[in-house]
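Comments concern the structure below.
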Amino acid sequence: MLKENTVLSFWKYLSYGEKTFGIIVFVNVAIYLAWNVTKWKSTMLKYFIINEDKSNSVWSNLLSAFSHTSLWNLTANVIYLYYPLCKLGFVRAWPISIFPPYMGIEEFFVFYISACTFSSLSRIYIEPKLNISNKKSKYGASGAISAVFGYTALGFPNRKLLTIPIIVEDQLSVDITAFEALLCLFLLIVLIVFVMQFSWINSTSIISGCIFGIFWYKLGSKIIWDNRKYLTKILENNNYIPI
Numbered sequence: 001m002l003k004e005n006t007v008l009s010f011w012k013y014l015s016y017g018e019k020t021f022g023i024i025v026f027v028n029v030a031i032y033l034a035w036n037v038t039k040w041k042s043t044m045l046k047y048f049i050i051n052e053d054k055s056n057s058v059w060s061n062l063l064s065a066f067s068h069t070s071l072w073n074l075t076a077n078v079i080y081l082y083y084p085l086c087k088l089g090f091v092r093a094w095p096i097s098i099f100p101p102y103m104g105i106e107e108f109f110v111f112y113i114s115a116c117t118f119s120s121l122s123r124i125y126i127e128p129k130l131n132i133s134n135k136k137s138k139y140g141a142s143g144a145i146s147a148v149f150g151y152t153a154l155g156f157p158n159r160k161l162l163t164i165p166i167i168v169e170d171q172l173s174v175d176i177t178a179f180e181a182l183l184c185l186f187l188l189i190v191l192i193v194f195v196m197q198f199s200w201i202n203s204t205s206i207i208s209g210c211i212f213g214i215f216w217y218k219l220g221s222k223i224i225w226d227n228r229k230y231l232t233k234i235l236e237n238n239n240y241i242p243i
């Protein structure tokens, strides 16, 4: 009972951004551990990975964004997600959450899940048209995390995202803003496109994720989230949502 109260007290102490970060990390780690269970292998291959032949379940378009088979890839994505969620703190409680660019935890998860699906679909349908398909199975949260970067870069362009220690004359460190981080990300992608030829990074997923984040900041939040009551009503009337 004491341990349960301690956990609840710790959870209440966390900010909304830290709670959001904790939930996403928990899901990603749980799925990563599930990949190591041999008897679950067929289920994981069906629902948690995207194949170019589209033979997987439609749910793989979403669930693949939480799937990591490499500990290095999982760790990198967790670190990248930590800064915008825990440092920028743009996920807030009501009433602050109603003022852009802040958003509530419910809107964030709708945004994040939509970004997962959008980036997965872009990899399925756009890569073959650009002749950059590598015939490999696809997974990872690069697209969703890039959407978060795209959103925060426009919403908080001058907010310090991270500090890089460096010694240049009398300056011991360099502060990187959200907008500068997004710009560096795009420059890195361009370099990889021409030098590495998409050999080891999900460039399509990253670019589409950034575009979705920008879309959500400019239009998506107003069109989709602010009108969610009307959208839900339409779905209910068409029997898409059980009443």
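Its first residue numbered 1, the sequence shown is counted upward by one per residue in full-length UniProt numbering.
Where a beta carbon is used, it is the ideal one built from N, C-alpha and C, also for glycine.
As the crow flies, the alpha-carbon of Glu127 is around 14 Å from that of Gly209. Take the alpha-carbon of Ser67 and the one of Tyr83: they are about 21 Å apart. Under the DSSP assignment, Ser142 falls in the alpha helix (DSSP H) whose first and last residues are 142-155. Taking a 10 Å sphere around the C-beta of Arg123, we find 16 or more other C-beta atoms and assign the residue as buried. For Leu62, the enclosing alpha helix (DSSP H) begins and ends at 60-63.
Looking at Ile31, Leu14, Gly155, the one whose alpha-carbon comes closest to that of Pro101 is Gly155. Straight across, the Cα-Cα distance linking Ser64 with Lys12 is about 30 Å. Inter-residue distance for Val91 and Phe21 is about 10 Å (C-alpha atoms, whole angstroms).
Taking Trp225 as the centre and dropping the five residues before and after it, the same chain places the C-beta of Glu107, Val110 closer than 7 Å to its C-beta, in chain order. Asn28 is positioned such that its CB atom lies closer than 8 Å to that of Leu74. According to the DSSP secondary-structure assignment, Val110 is paired through a beta bridge with no residue. A buried status is given to Ile50, since no fewer than 16 other beta-carbon atoms sit within 10 Å of its beta-carbon. Taking a contact as a CB-CB distance under 8 Å, the pair Ile24 and Leu62 does not count as one, their CB atoms being some 13 Å apart. Separation of Tyr16 and Ile105 (C-alpha to C-alpha, rounded to the nearest whole angstrom) is 7 Å.
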